[in-house]
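Here the working numbering is used: the first residue of the sequence shown is 95, the next is one more, and so on. A quick write-up on the structure given underneath.
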Amino acid sequence: MTVFHPPLREYIKGGGYVELEEMLGDDLTPARVARISYLSEGTEEANKKLLKKLIDLEHFSPFEQQVFRFFIKGIPMYIGEQLLRHRIASPLKRSFRYTHPEKGVKEKKWNDVDFWNGLVHVPPEFLGLRKHHIEDERDLLDEIIRHYQASFELYNKLVEKGLRKEAARCVLPAGLRTTLYWTQNMRSIMNFMTLRLNKHAQWEMRELAKAMARLLLRVVPITFGYFLKKNNLEELLEE
Ligand SMILES: Cc1cc2nc3c(=O)[nH]c(=O)nc-3n(C[C@H](O)[C@H](O)[C@H](O)COP(=O)(O)OP(=O)(O)OC[C@H]3O[C@@H](n4cnc5c(N)ncnc54)[C@H](O)[C@@H]3O)c2cc1C
Numbered sequence: 095m096t097v098f099h100p101p102l103r104e105y106i107k108g109g110g111y112v113e114l115e116e117m118l119g120d121d122l123t124p125a126r127v128a129r130i131s132y133l134s135e136g137t138e139e140a141n142k143k144l145l146k147k148l149i150d151l152e153h154f155s156p157f158e159q160q161v162f163r164f165f166i167k168g169i170p171m172y173i174g175e176q177l178l179r180h181r182i183a184s185p186l187k188r189s190f191r192y193t194h195p196e197k198g199v200k201e202k203k204w205n206d207v208d209f210w211n212g213l214v215h216v217p218p219e220f221l222g223l224r225k226h227h228i229e230d231e232r233d234l235l236d237e238i239i240r241h242y243q244a245s246f247e248l249y250n251k252l253v254e255k256g257l258r259k260e261a262a263r264c265v266l267p268a269g270l271r272t273t274l275y276w277t278q279n280m281r282s283i284m285n286f287m288t289l290r291l292n293k294h295a296q297w298e299m300r301e302l303a304k305a306m307a308r309l310l311l312r313v314v315p316i317t318f319g320y321f322l323k324k325n326n327l328e329e330l331l332e333e
């Protein structure tokens, strides 16, 4: 088991970050454990070759022995929802039944777009991160910010008047940023990356997948690099 002190961090374009806190196994673990079939031992070179062969043959079960625990900070709730659709993983998520959505906010800057984007996702089209023409862009951004502010004011009012946080949260914006632990083995990660680096996935989800992919390339470059190459996913990381 490798514990990363401090955790390795990659920022997500558009807001938030992913950290890799712990890793079970190393780059050659799938090859080493696969040798149980023959009760054999291999040299490092032989294991590198075997690792690629396992991916070529789609013999994926040895990759279940390579496990990663990520800490994902500040993704919109609806991206968290999409993430939770991946059942072969172990999530543990912040509760908005028990925490106030402004917990951790030091200074409220109600007119500041960056402040709001830290609390609630502002679509990348409005931040110059994604090219897409939107009419009346400036006016609409102001309207979004007013809408967010009104939502938070109503939430606070409901809570002050005695409504439970778990009920008051119904007025919060869907893009409220959340935080979770995400533990997943490499086999499931490969499936996740195939689906979520893909151009059909939502922009925000792809940016999360890219940040996770950059972390994996730092710690298991042979396994993950070969997987990306074999599936023509490498160039999608650069987009
Ligand atoms: C572009 C895109 C659009 C999407 N749109 C929608 C949508 O509109 N609505 C929606 O509900 N979801 C949608 N999804 C989510 C999608 O349907 C999957 O639930 C999600 O991507 C998780 O994939 P998965 O099931 O392969 O992963 P996991 O849940 O991690 O499962 C991994 C693998 O385990 C196996 N497996 C897991 N559970 C079962 C089971 N019960 N039975 C048999 N085999 C199983 C499968 O082989 C599966 O591929 C979308 C996903 C993408 C990428």
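Think of the CB as a built atom: it goes at the ideal place given N, C-alpha and C, for glycine as much as any other residue. Quick caveat: nothing in here was measured; it's all calculated off a predicted structure.
According to DSSP, simplified to helix, strand and coil, what is Arg129? For Arg129, the three-state secondary structure derived from DSSP is helix.
Which first and last residues belong to the beta strand (DSSP E) in which Ile166 is found? Unbroken beta strand (DSSP E) run through Ile166: Val161 to Pro170.
Since I believe Asp150 is in contact with Thr317 (beta carbons under 8 Å), could you give me their beta-carbon distance rounded to a whole number of angstroms? About 13 Å separates the two Cβ atoms, so there is no contact after all.
Quick one: measure Cβ to Cβ for Val214 and Arg271, integer angstroms, because I've assumed they're closer than 8 Å. Correct: roughly 6 Å between the Cβ atoms.
Give the DSSP-derived three-state secondary structure of Phe98 in the structure shown. Assigned with DSSP and collapsed to three states, Phe98 falls in strand.
Just to confirm the assignment, what range does the alpha helix (DSSP H) spanning Arg232 have? Looking at the DSSP string, the run of the alpha helix (DSSP H) that includes Arg232 is Glu231 to Glu254.
Taking the straight line between their C-alpha atoms, what separation do you get for Asp208 and His241? Their backbone Cα atoms lie some 15 Å apart in a straight line.
Going by DSSP, name the residue or residues bridged to Trp276. When DSSP reads this structure, Trp276 sits in a beta bridge with Phe164 and Pro185.
Straight-line gap, Glu60 to Ala128 (C-alpha atoms, nearest Å): With the chain represented from 95 up to 333, any question about residue 60 goes unanswered, as that position is not in the structure.
Using a Cβ-Cβ cutoff of less than 7 Å, which residues in the same chain neighbour Leu144 once the five nearest sequence positions on both sides are dropped? Cβ neighbours of Leu144 beyond the five flanking positions: Ala125, Ala128 and Gly136.
Let me confirm a value: Ser134 is counted as buried when at least 16 other C-beta atoms fall within 10 Å, else exposed. Which label applies? Looking at its Cβ environment, which holds fewer than 16 other Cβ atoms inside 10 Å, Ser134 is exposed.
Report the three-state DSSP secondary structure of Val214 (helix, strand or coil). Strand.
Span of the beta strand (DSSP E) around Glu116: Per DSSP, Glu116 belongs to the beta strand (DSSP E) from Tyr111 to Leu118.
N- and C-terminal bounds of the alpha helix (DSSP H) containing Asn141: Glu138 to Asp150 is the span of the alpha helix (DSSP H), which, as asked, contains Asn141.
Met61 versus Lys323, Gly174, Gly198 and Glu237, residue with shortest Cα-Cα distance: Residue numbering for the chain in the displayed model covers 95 to 333; residue 61 lies beyond these limits and cannot be assessed.
Using 10 angstroms around the beta-carbon of Ala268, count the other beta-carbons present and answer buried if the total reaches 16, otherwise exposed. Per the 10 Å Cβ criterion, exposed.
Is any non-hydrogen atom of ligand 1 found closer than 7 Å to the C-beta of Ile106, if you look at the structure I gave you? No, Cβ of Ile106 sits at least 7 Å from all heavy atoms of ligand 1.
Between Pro101, Thr288 and Lys167, which has its C-alpha nearest Leu274's C-alpha? The option with the nearest alpha carbon to Leu274 is Lys167.
Ordered along the chain, which non-local residues of its own chain (more than five positions away) have a Cβ less than 6 Å from that of Val265? Once the five neighbours on either side are set aside, the close Cβ partners of Val265 are Ser245, Leu248 and Tyr249.
Classify Leu266 as helix, strand or coil using the three-state DSSP reduction. In the three-state DSSP reduction, Leu266 falls in the coil class, being neither helix nor strand.
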